[in-house]
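Protein sequence lines, in the order shown, are assigned to chains A and B. All residue numbers for the first sequence refer to the working numbering, where the first residue is 418 and numbers rise by one. All residue numbers for the second sequence refer to the working numbering, where the first residue is 418 and numbers rise by one. Glycine residues also receive a C-beta, built at the ideal position from the N, C-alpha and C atoms. The structure appears below as structure tokens.
There are 2 protein chains.
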Amino acid sequence: MKFRIKNQDSQLRTGIVRTEHGKFETPAFIPVATLASVRGLDSRDLKKLKVDVILANTYHLYLRPGDELIRRRGGLHRFMNYDKTIITDSGGFQVFSLGFGMEHGVGKIADNIFLEGLRNKNFRGDKWAKVDEKGVSFKNPLTGEIVRLTPEKSMEIQSNLGADIIFTFDECTSPLSDKRYTEEALERTHRWEERCLESYDRKQSLFGIVQGGEYRDLRIRSARFVADKDFAGYGIGGSLGKSKEDMHNILEWVIPVLPEEKPRHLLGIGAVEDIFNSVERGVDMFDCVAPTRWARRGHLYVSPEAGGTVENKFRINIRNAGFREDDEPVDKSCNCFVCKNYSRSYLRHLQSAEDLTYFRLASYHNVNFMLRFMEKIRDSINNNYFRELKKEWLGY
Amino acid sequence: MKFRIKNQDSQLRTGIVRTEHGKFETPAFIPVATLASVRGLDSRDLKKLKVDVILANTYHLYLRPGDELIRRRGGLHRFMNYDKTIITDSGGFQVFSLGFGMEHGVGKIADNIFLEGLRNKNFRGDKWAKVDEKGVSFKNPLTGEIVRLTPEKSMEIQSNLGADIIFTFDECTSPLSDKRYTEEALERTHRWEERCLESYDRKQSLFGIVQGGEYRDLRIRSARFVADKDFAGYGIGGSLGKSKEDMHNILEWVIPVLPEEKPRHLLGIGAVEDIFNSVERGVDMFDCVAPTRWARRGHLYVSPEAGGTVENKFRINIRNAGFREDDEPVDKSCNCFVCKNYSRSYLRHLQSAEDLTYFRLASYHNVNFMLRFMEKIRDSINNNYFRELKKEWLGY
């Protein structure tokens with residue numbers, strides 16, 4: 418993997434990441450293909466949408482259909498017939514968010530496997546994930562079996578999946594973890610990252626992850642740790658605090674410590690406002706399930722021209738009665754085939770009937786919206802109007 | 418609407434139907450777009466699949482989003498952005514299948530609205546549809562309200578929906594209805610068909626429907642009745658008996674009575690074996706939800722080259738463990754992008770995760786399969802090898 422910075426203005430920058438499977442431009446929004454598909458879309462759609470990079474989830478694919486099975490199919494690229502860059506996360510986030518999600522009632526744990534586990538009652542009343550020096554044990558939500566993940570195992574699974582870019586196995590702490598525990602977890606994560614560096618598949622590019630919760634000294638210590646190692650890039654992970662301000666602070670502590678010449682990936686973040694503020698602070702890559710997850714819930718992205726604001730989070734809820742007879746497209750400034758061909762009225766109808774076609778059209782629009790939004794962001798950096806664009810969108 | 422017969426060999430024939438929205442070739446398989454979408458596909462897919470005609474359900478669209486709303490959108494073609502021929506049924510089948518479905522425990526009533534109604538408990542223990550001379554009253558499964566449909570109302574709704582081809586409002590009887598009741602319903606249906614002829618929108622082409630259950634004299638009486646009226650074509654509806662033989666008999670009684678120069682539509686039928694046997698007896702048009710409904714349940718169509726037989730109904734169940742590591746396409750003789758790009762293993766994985774992408778890919782393949790199958794049928798008639806093709810597929 419190679420990274421080249423194209424334009425830079427203090428932390429603000431554009432660049433190009435090249436892998437064996439082509440290039441993608443940064444700042445990049447990376448759609449999530451949890452189970453080897455961007456939900457509701459197929460790989461032909463991804464081509465049409467010009468999706469040059471996706472992120473698949475190691476945890477989910479390890480449990481189903483299994484990394485060995487995918488290896489026997491020739492790896493993720495062949496399995497899902499996608500020939501551009503693929504990234505896999507390490508599985509750490511999911512394992513630990515199951516753990517602290519239960520204990521602390523926080524975290525983005527409402528995913529499919531989780532819900533299936535609840536339905537199957539494999540979980541009721543159990544503690545979900547137990548961490549020790551070697552790794553972590555947790556219950557497979559699909560079967561109730563105890564599963565073991567270690568740094569070495571995560572590297573092995575990710576090697577089997579065969580993504581271009583992979584992540585170290587880290588322990589994610591909760592926003593409610595205290596400093597003592599966060600520090601203990603951080604030191605363990607650093608030992609795990611060293612083990613990942615020793616065991617990862619050299620055909621892949623390994624990103625280290627900066628942890629440390631909302632604590633300045635821990636975040637800086639963690640950034641220094643990964644900066645000193647031979648990583649291809651850096652993820653900023655774990656709890657980003659309790660407010661947007663916390664998140665901005667974390668980026669301002671961490672990013673100046675990281676080597677300029679390597680890309681920085683802010684894990685799991687993907688809202689319009691957060692992207693503006695993170696790009697400004699030096700983030701190159703974002704991944705988030707938001708476009709497809711919100712789509713399924715009726716939320717469709719709109720630009721300022723179509724009524725998007727910080728307050729409505731650049732989304733309309735197509736379920737609102739006001740759209741019943743609205744013949745306008747979702748976003749009149751959008752170039753996607755959904756906006757060119759269908760009205761809000763039609764989408765609202767399909768959504769209210771929970772029609773499968775709705776999920777597809779809504780996901781397509783939302784993914785396209787994010788990609789075109791990132792193109793604008795990059796253009797504004799390359800042509801020196803990022804602050805004007807940000808003001809136009811966010812009002813500040 | 419115009420119908421031209423291209424080639425004919427006793428009852429076997431090919432033809433072309435032309436409407437204001439283009440032409441389609443017969444024998445035709447017509448995908449069902451219940452709620453103004455072929456579930457899981459969009460109108461761009463329909464274009465790629467060369468779907469020249471679809472059938473939407475009056476009953477479903479009347480209840481949601483409402484025919485008036487669709488009229489205000491410019492009709493179904495504009496609402497769903499589909500510019501080829503659209504057919505609507507009359508709503509009769511759905512209303513009555515709710516009625517006799519509850520009383521007799523038969524009928525294809527397991528559709529979405531029905532299930533939603535059950536979940537909402539608007540129905541528990543009620544009688545669903547009450548018929549009188551003027552029309553029928555039934556409970557709206559979505560709201561529990563009493564709704565009234567009459568022949569005139571069905572014509573009005575279908576005019577608002579704006580399809581090219583519409584159907585008369587008929588009373589469907591159950592396979593368990595006795596002859597006395599079937600005859601009474603048939604006479605009433607004939608009176609309703611006359612009222613439809615008086616009140617239908619002259620911009621549309623009205624098909625009459627032959628009823629009469631499994632009774633020879635009633636079927637012939639009904640066929641003579643509609644044959645004498647000024648219909649653009651004929652539907653063969655209602656109970657087709659209790660066996661395939663019953664269905665063949667009904668076609669052999671009815672079709673010779675119907676004018677040769679007008680198309681005949683066998684309502685709600687769409688299995689491979691039934692299509693061969695019905696085309697042989699003079700049927701020109703078929704509609705069925707089977708391709709998309711079976712797709713959702715894991716059943717994918719396969720030709721004889723890929724293992725399809727009368728016994729397996731030309732379907733594989735992708736959920737079978739045997740497909741876990743199967744790198745072959747669903748049907749190696751199939752030209753669709755799903756078969757060109759994805760393995761059975763991948764589809765099985767997506768199906769087992771109930772991934773939305775699965776529903777799309779599976780529906781796409783199944784619809785394509787039926788359309789390409791009909792192309793073969795037409796080619797075999799035009800080039801005089803229908804019986805060989807039938808033997809190759811059915812073994813008889």
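For residue i, which of the options has the nearest alpha-carbon?
{"i": "A/MET664", "options": "A/ALA473, A/PRO676, A/GLY687, A/PHE642", "result": "A/GLY687"}
{"i": "A/LEU683", "options": "A/LYS419, A/PHE420, A/ALA445", "result": "A/ALA445"}
{"i": "B/GLU601", "options": "B/SER576, B/SER622, B/ARG636, B/SER695", "result": "B/ARG636"}
{"i": "B/ARG638", "options": "B/GLU615, B/ILE667, B/LYS659", "result": "B/ILE667"}
{"i": "B/ARG597", "options": "B/PHE731, B/GLY629, B/ARG495", "result": "B/GLY629"}
{"i": "A/ARG732", "options": "A/VAL719, A/ALA723, A/GLU742", "result": "A/VAL719"}
{"i": "A/GLY814", "options": "A/ASN694, A/ILE692, A/PHE703", "result": "Shown here, chain A extends from 418 to 813; a query on residue 814 of chain A therefore has no answer."}
{"i": "A/GLY625", "options": "A/TYR632, A/PHE642, A/PHE740", "result": "A/PHE642"}
{"i": "A/ALA473", "options": "A/THR505, A/GLU550, A/ILE422, A/SER656", "result": "A/THR505"}
{"i": "A/PHE584", "options": "A/ARG713, A/VAL455, A/LEU593, A/GLY654", "result": "A/GLY654"}
{"i": "B/ARG490", "options": "A/ASP744, A/PHE754, A/ASP581, A/ARG481", "result": "A/ASP744"}
{"i": "A/PHE693", "options": "A/PHE555, A/ASP645, A/LYS793", "result": "A/LYS793"}
{"i": "A/SER750", "options": "A/GLY483, A/ALA723, A/SER769", "result": "A/ALA723"}
{"i": "B/ASP645", "options": "B/GLY561, B/GLY812, B/HIS607", "result": "B/HIS607"}
Residues of chain A with CB closer than 8 Å to the CB of residue i, please, in chain order.
{"i": "B/MET787", "result": "None at all; the shortest Cβ gap to chain A is about 18 Å."}
{"i": "B/PHE746", "result": "The amino acid occupying residue 746 of chain B in the given sequence is Pro; Phe does not appear at that position. Residues of chain A passing the Cβ test: none, with the nearest at roughly 11 Å."}
{"i": "B/GLY457", "result": "LEU773, THR774, ARG777"}
{"i": "B/HIS782", "result": "The contacting residues do not exist; B/HIS782 stays about 11 Å from chain A at best."}
{"i": "B/LEU452", "result": "HIS766, LEU767, ALA770, ASP772"}
So what does DSSP say about residue i, is it helix, strand or coil?
{"i": "A/ASP645", "result": "coil"}
{"i": "B/CYS753", "result": "coil"}
{"i": "B/HIS438", "result": "coil"}
{"i": "B/ILE526", "result": "Residue placement at B/ILE526 is flagged as unreliable, the pLDDT there being 41, under the threshold of 50; the coordinate-derived value follows with that caveat. Correct three-state label for B/ILE526: coil."}
{"i": "A/SER797", "result": "helix"}
{"i": "B/PHE626", "result": "Checking the sequence, you will find Ile at residue 626 of chain B rather than Phe. Strand."}
{"i": "A/GLY650", "result": "strand"}
{"i": "B/MET418", "result": "coil"}
{"i": "B/PHE446", "result": "strand"}
{"i": "B/PHE540", "result": "Model confidence at B/PHE540 stands at a pLDDT of 47, short of 50, so the residue's coordinates are unreliable; what they give is reported in the following sentence. Coil at B/PHE540, not helix or strand."}
{"i": "B/GLN425", "result": "strand"}
{"i": "B/SER514", "result": "helix"}
{"i": "B/THR552", "result": "The displayed chain sequence assigns Gly, not Thr, to residue 552 of chain B. Note: B/GLY552 maps to coil in three-state DSSP."}
{"i": "B/PHE586", "result": "coil"}
{"i": "A/ASP484", "result": "helix"}
{"i": "A/THR567", "result": "coil"}
{"i": "A/TYR813", "result": "coil"}
{"i": "B/ARG804", "result": "helix"}
{"i": "A/LYS730", "result": "coil"}
{"i": "B/MET702", "result": "strand"}
{"i": "B/TYR718", "result": "strand"}
{"i": "B/ILE735", "result": "coil"}
{"i": "A/ILE686", "result": "coil"}
{"i": "A/THR451", "result": "coil"}
Using a cut-off of 9 Å between C-beta atoms, extract the partners of residue i located in chain B.
{"i": "A/PRO817", "result": "This structure leaves residue 817 of chain A out entirely; chain A is present only between 418 and 813."}
{"i": "A/LEU486", "result": "ARG741, GLU742, SER762, HIS766"}
{"i": "A/ARG490", "result": "GLU742, ASP744, SER760, SER762, TYR763"}
Could you give the C-beta distance for residue i and residue j, rounded to a whole number, given that I count them as a contact under 8 Å?
{"i": "B/GLN428", "j": "B/GLU690", "result": "Rounded, the Cβ-Cβ distance is 17 Å, inconsistent with contact."}
{"i": "A/GLU588", "j": "A/GLY509", "result": "6 Å"}
{"i": "B/VAL747", "j": "B/LEU764", "result": "7 Å"}
{"i": "B/ARG681", "j": "B/ASN577", "result": "Rounded, the Cβ-Cβ distance is 27 Å, inconsistent with contact."}
{"i": "B/ARG789", "j": "B/ASN752", "result": "7 Å"}
{"i": "B/ASP469", "j": "B/GLY439", "result": "6 Å"}
{"i": "B/THR774", "j": "A/ASP459", "result": "6 Å"}
{"i": "B/SER844", "j": "B/SER507", "result": "It is not possible to answer for residue 844 of chain B, since the shown part of chain B is limited to 418 through 813."}
Cβ closer than 7 Å: which chain A residues qualify as neighbours of residue i?
{"i": "B/TYR763", "result": "PHE496, MET497"}
Starting from residue i, find everything on chain B with Cβ-Cβ shorter than 8 Å and list it in chain order.
{"i": "A/GLU562", "result": "Those do not exist, as A/GLU562 stays about 17 Å from chain B at its closest Cβ, beyond 8 Å."}
{"i": "A/ARG481", "result": "HIS766, SER769, ALA770"}
Counting only Cβ pairs nearer than 9 Å, list the residues of chain A close to residue i.
{"i": "B/PHE396", "result": "This structure cannot speak to residue 396 of chain B, because chain B is shown only from 418 to 813."}
{"i": "B/ASN758", "result": "ASP459, SER460, ARG461, ASN498"}
Quick one: is the Cβ of residue i within less than 7 Å of any heavy atom of the ligand ATP?
{"i": "A/HIS682", "result": "No copy of the ligand ATP occurs in the structure displayed, which carries no ligand at all."}
Original post:
Should the region 433–451 of chain A be regarded as contacting the region 756–769 of chain A, the criterion being three or more beta carbon pairs within less than 8 Å?
Top reply: Counting Cβ pairs under 8 Å, fewer than three are found: no touch.
Subject >> Inter-stretch contact at 8 Å, needing at least 3 Cβ pairs: the region 607–623 of chain B / the region 562–581 of chain B >> reply: yes
**OP:** Report yes or no: do three or more beta-carbon pairs, one from the region 774–790 of chain B and one from the region 786–806 of chain A, lie closer than 8 Å?
**Re:** no
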